[in-house]
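Quick note: the sequence shown uses our numbering, first residue 21, plus one each step. For every residue, glycine included, the Cβ atom is placed at its ideal position computed from N, Cα and C. Data block below; observations after.
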Amino acid sequence: MSASRRAATARTRRPDAPLGAGRYWFMLLVILVALSALVGRVVYLQVIDRSFLQNQGDARTLRVETIGAHRGMISDRNGDPLAISTPVITLWANPQELPKDPIQQTLLAKALKVDPGQLQDRISRYSDHEFMYLRRQLTPAAAKPALDLQMPGVYSRDEYKRYYPAGEVAAQLVGVTNVDDKGQEGLELAYNRYLTGQPGKRRVLKDRKGHLVRDLHLIDEAKPGGDLTLSIDLRLQYMAYRELAAGIRNNDADGGSLVMLDARTGEVLAMANLPSYNPNNRSDVDVRGLRNQAITDAIEPGSVMKPLAMSAALASDKFTPESIIDTSPGWMVVDGYTIRDFRNYGKLSPAGILLHSSNIGMSHIALELPKDAIWNRYRELGLGQSPGTGFPGENSGSLPSPTNLPRSAQAAMAYGYGVAVTPLQLASAYTAIANDGKRLSPSLLKLNGEPESEQVISATVAHELLAMMEKIVQPNAGGHLAMVPGYQIAGKTGTVRKVTSTGYQETEYRGLFAGIAPASNPRIVTVVMIDNPKKGDYYGGLVAAPVFSRVVGSALRLLDVPPDAPQKETAP
């Protein structure tokens, strides 16, 4: 290259030299400024605003957890538990954090004791979610194998599970809770708000896998639910259930109910129903067993209503214990309906009418009284209205309308047809006879104060009725199978045809017995109902009275009630 060309090339490059140097220094300046800003930010966060990094770290490691509050205990009047809450562990998972490896998922399924294929399918279905249950309400021992795997995405939560020590014996009365510990039936439902505890909160520190590192501090303390003390005596409840079950089995019956009240307070000492169910294992529940028939199912009671109707007659100025009623010829027609007795009993006193359970005698009495006399007495005894126990679904029963009451309905009411009552209502009405004419309101809870009562029958009439009913529970009388050795018993038998949607059934019956013991100083009132006995006899005096005898005899001895029957003289 010639000298002139080299000189020309040098001249063309010389102007670009300052531009290249400027770019270099500019880029260097930008880098220095960025580094300075970064260093400044680090210094600011580490020295001046250290709380920011701490808060950001805490946001990723600190958690507020709920502290479970156990449900209140339900116990009997003596403090024996009927429903308690036990600690359990619920396992849950975040499907997005669970290992995708099928082997890992199989290990988890075995630890949970579930089918591996089903678990993998569930994980696949919940893959877009952050929560799914693995197993609920496990014992700590059952949950341990899964927790010991320390598998990412598997978490635990402390909960409580309801346990019922009495099982099927008091199932319908106590009720049940669901898996979330909320009342669903019985008193668990009625007092759900009172029994439910208030959960607490605590702040905890967890690692990146969600495992608890440290319990930092309590935010809100958990408050357990209130405890509920029932009126029943678990000892009497077991006996009532056992003897009722035996009576149903011996008579091949469809079911039955038994109610025992304290004759001085109205407290329910025992309430048994069959069929029943095991509240601790509801995998195979007979839906009929869910109903507390003694409170929720109203039935036509039959002849057990006759002493209650008789109280209206004795309170009037038309009848006294010495009155004579002619029941011949053993049948009568009212409004085209034929009313019959078992046979022609002829002339009977009020005591004789009750002893022979004469429908004709009661009909004559009812038709001589004002039309609404027996209706008013039934209302005063709590029939046709809610018992006021607060039990879910309690039945009010029914009475015919008092307006333009036909003579046939007026007569039928007197012998227990055309009306519907629950066993609890019937027992409550009988407390008026047992308690000097004062009807006691039934209570499912143990009372701490004076019981609610209402004077609906005069004390004189109540005593007259007790004396009449004692004659029914004597040797060779209709209620003789209700006798309790050593005690005087007053009671009344009842037998009634079952009513269905198609009317009265020709071959299906209910047998009842309502009684008071001991008659000289009443302590308990008991009603027994046997539903559709199919083995031989179906009369209340033959199917329900024996159950009454066994239950009441055991109850009187357990309650330490002294015998009151006259002692038989022995030969010297």
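Between K466 and T249 the beta-carbon gap is near 5 angstroms, inside 8 angstroms, which marks them as a contact. For R145, the enclosing alpha helix (DSSP H) begins and ends at P136 to R145.
Between S473 and the set L485, Y450, Y153 and T480, the nearest pair of CA atoms involves Y450. Here W112 is bridged, per DSSP, to Y153 and Y175.
The three-state reading of DSSP puts V519 in strand, counting E and B together. The alpha-carbon of F362 is positioned some 13 angstroms away from that of L375. An exposed status is given to H149, since fewer than 16 other beta-carbon atoms sit within 10 Å of its beta-carbon. Collapsing the DSSP output to three states places I492 in coil. If you ignore the 5 residues before and after R142, its C-beta comes within less than 7 angstroms of the C-beta of M152, all in its own chain and listed in chain order.
Taken in chain order, the whole beta strand (DSSP E) runs of length 3 or more contained in the segment 240-285 are 275-282. For the options E526, S521 and Q508, the alpha carbon positioned closest to that of P582 is the one of Q508.
Closest option to A314, judged by alpha-carbon separation, among Y146, M488, S448 and D346: S448. For A166, there is no enclosing beta strand (DSSP E); the residue is found in the alpha helix (DSSP H) stretching over P160 to D168. In the DSSP assignment, the residues bridged to D551 are G275 and R530. Its Cα nearest to that of P443, the residue V324 stands out among V324, V50, V189 and A57. Pairwise C-beta distances place the segment 396-410 out of contact with the segment 347-362, as fewer than three of them are shorter than 8 angstroms. With a contact defined as Cβ atoms closer than 8 angstroms, P542 and D584 miss out at about 10 angstroms.
DSSP places M503 outside both helix and strand once states are collapsed to three, so it counts as coil. For the segment 352-430, the full-length beta strand (DSSP E) segments reaching 3 residues or more read 357-360 along the chain. Comparing C-alpha distances from Q157 to each of S105, G42 and L193 shows the shortest one belongs to S105. Beta-bridge analysis with DSSP links N293 to S277.
When secondary structure is reduced to three states using DSSP, S336 falls in the coil class, being assigned neither helix nor strand. For the set P553, R255, L334 and I109, the Cα lying nearest the Cα of V572 is the one of R255. Each of S378, A273 and A190 was checked against the Cα of K555, and the nearest Cα belongs to A273. For the pair H90 and D282, the Cα-to-Cα distance works out to about 32 angstroms. In this structure, the CA atom of S478 is about 40 angstroms from the CA atom of N212. Between Y297 and G309, the beta carbon gap of about 4 angstroms places them in contact (Cβ cut-off 8 angstroms). Under the DSSP assignment, E208 falls in the alpha helix (DSSP H) whose first and last residues are G206 to A210. For V476, the secondary structure class from DSSP, reduced to helix, strand or coil, is coil. Per DSSP, L128 lies in no beta strand (DSSP E) segment; the continuous alpha helix (DSSP H) that holds it begins and ends at P122 to L132. Membership of R570 in the alpha helix (DSSP H) is indicated by the continuous run A565 to L578.
Secondary structure at V53: helix, using DSSP grouped into helix, strand and coil. Rounded to the nearest whole angstrom, the C-alpha separation of N424 and Q430 is 10 angstroms. By the Cβ-count criterion, I344 is exposed, with fewer than 16 other Cβ atoms from all chains shown falling within 10 Å of its own Cβ.
Each of E179, L368 and G195 was checked against the Cα of P185, and the nearest Cα belongs to G195. For the set D253, H384 and Y357, the Cα lying nearest the Cα of K367 is the one of H384.
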